[in-house]
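Take a look at the structure below.
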Amino acid sequence: MNKHLLHLVKLSKIDKELENIGKEIEENKSDMRTLERKQDKITREINQEKENLQNSTINKNKNNLSIAEFSDKLENIKEKQKNIKTERELKSISIEEDIAKEQITHANKQIEILENKEKEHQEKIVELEDADKGIKKQIEEEDKVLTKKVKKIEKTSKAVFKNQDKVKKEVDEKIYSFYSKIKKWAKEASVVPIEDKVCTGCQMELNDKTYIEVLKRENVVTCSNCGRIVFDDTINVEEETA
């Protein structure tokens with residue numbers, strides 16, 4: 000069997016193994032990311048509730064100021080009433096007094112509504128902060144588990160990287176450059192087996208000439224359809240290497 004083809008098949012298998020290791024790490028991190036997204040959502044909700052609480056308090060204070068203002072106005076009206084001389088003046092003062100009282104009543108109702116809202120926001124903040132504590136604990140526990148898993152996976156990957164370096168040294172420089180160009184677009188499916196005359200990279204049938212070349216195993220052959228490096232799926236890399 001062509002030694003360059005053998006090296007490329009070995010290298011491709013190692014690259015796929017490293018790709019799978021990377022995917023495994025990402026899959027293990029996905030649970031952590033889910034928890035972190037939940038925590039971010041809770042944090043945003045807490046901040047929103049605190050802002051709502053602050054706005055309710057500000058509006059309540061504004062209404063208290065309005066009550067004080069209209070209460071002062073009622074006191075002034077009482078003083079004016081002592082000096083009323085005409086029916087017209089009495090009517091005008093009475094209208095002012097009614098408006099001031101209505102405003103005080105309205106402000107008191109608003110304060111009651113706002114106080115209820117304050118209570119709701121405070122209760123919601125407590126609820127969310129409890130949820131935040133719970134998810135922080137989950138994140139801490141998940142981080143411990145994840146760290147152990149990743150360390151174990153990285154230990155495996157070191158051996159694979161070591162093997163990759165070894166195989167790279169065996170590969171002819173021009174052949175490796177050719178492989179790298181294909182890998183830029185084909186990724187980990189740069190070197191693929193054929194099955195029943197079909198390229199497993201593009202799922203297209205090879206032409207007869209290419210198929211025969213593949214079966215000979217004498218040269219590095221590319222798929223006549225997609226350009227990937229193809230090899231006979233009956234090749235046993237371990238046996239060929241031995």
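Heads up, the sequence shown is in numbering that gives the first Met the number 0, so the first residue is 0 and it goes up one at a time.
Note that beta-carbon positions come from the ideal geometry of N, C-alpha and C, so glycine has one too.
Note that the structure is predicted; figures quoted are calculated from it, not measured.
Which residues in the same chain as residue i place their Cβ atom closer than 8 Å to its Cβ, once the five residues preceding and following it in sequence are excluded?
{"i": "Glu35", "result": "Ile138"}
{"i": "Lys182", "result": "Asp14, Ser189"}
{"i": "Ile20", "result": "Ile152, Thr155, Ser156, Val159"}
{"i": "Ile135", "result": "The question names Ile, but residue 135 is Lys in the sequence shown. The answer, listed in chain order, is Gln38."}
{"i": "Val170", "result": "His3, His6, Leu7, Leu10, Tyr178"}
Cβ atoms of residue j and residue i: under 8 Å apart, would you say?
{"i": "Val219", "j": "Asn1", "result": "yes"}
{"i": "Val144", "j": "Glu16", "result": "no"}
{"i": "Leu52", "j": "Ile152", "result": "no"}
{"i": "Lys167", "j": "Leu7", "result": "no"}
{"i": "Ile110", "j": "Asn75", "result": "no"}
{"i": "Met31", "j": "Glu141", "result": "yes"}
Whole angstroms is fine: what's the gap from residue i's alpha carbon to residue j's?
{"i": "Ile269", "j": "Glu44", "result": "Beyond the ends of the chain as shown, which are 0 and 241, falls residue 269; an answer cannot be given."}
{"i": "Asn58", "j": "Lys118", "result": "14 Å"}
{"i": "Thr240", "j": "Lys147", "result": "Caution applies to Thr240, whose pLDDT of 49 falls short of 50 and renders its modelled position unreliable; the model cannot decide the point."}
{"i": "Lys161", "j": "His120", "result": "58 Å"}
{"i": "Glu114", "j": "Ser55", "result": "8 Å"}
{"i": "Glu204", "j": "Arg216", "result": "18 Å"}
{"i": "Lys79", "j": "Ser70", "result": "14 Å"}
{"i": "Ile211", "j": "Asp232", "result": "14 Å"}
{"i": "Arg87", "j": "Lys108", "result": "32 Å"}
{"i": "Asp207", "j": "Leu214", "result": "11 Å"}
{"i": "Glu172", "j": "Tyr178", "result": "10 Å"}
{"i": "Leu89", "j": "Ile41", "result": "59 Å"}
{"i": "Ile83", "j": "Glu50", "result": "49 Å"}
Please confirm whether residue i has its beta-carbon closer than 8 Å to some beta-carbon of chain D.
{"i": "Lys72", "result": "The displayed structure is made up of one protein chain only, and chain D is not part of it."}
Considering just the uninterrupted stretch of the beta strand (DSSP E) at residue i, what are its terminal residues?
{"i": "Val191", "result": "190-194"}
{"i": "Val219", "result": "Looking at the DSSP string, Val219 is not in any beta strand (DSSP E), and its letter there is neither H nor E."}
{"i": "Ile228", "result": "228-231"}
The alpha helix (DSSP H) that contains residue i, what's its start and end?
{"i": "Glu149", "result": "As written in the sequence, residue 149 is Val, which differs from the Glu given in the question. 86-169 is the span of the alpha helix (DSSP H), which, as asked, contains Val149."}
{"i": "Ile76", "result": "2-80"}
{"i": "Lys182", "result": "172-185"}
Please go through the same chain and pick out, in chain order, the residues whose beta-carbon is closer than 7 Å to the beta-carbon of residue i, but skip the five residues on each side of it.
{"i": "Gln102", "result": "Ser65, Phe69"}
{"i": "Val191", "result": "Cys198, Thr199, Gly200, Arg227, Val229"}
{"i": "Glu48", "result": "His120, Lys123, Ile124, Leu127"}
Give every residue of the same chain whose Cβ lies closer than 6 Å to the Cβ of residue i, excluding the five residues on either side of it in the sequence, and list them in chain order.
{"i": "Thr221", "result": "Ile228"}
{"i": "Glu18", "result": "Glu187"}
Original post:
Taking one C-beta from the segment 115-133 and one from the segment 92-103 each time, how about it: are there three or more such pairs within less than 8 Å?
Top reply: As far as the Cβ criterion goes, the segment 115-133 does not touch the segment 92-103, which means the pair count is below three.
Original post:
For the 8 Å Cβ check, are there 3 or more pairs between the segment 195-209 and the segment 18-33?
Top reply: Flag = no, the segment 195-209 and the segment 18-33 do not touch.
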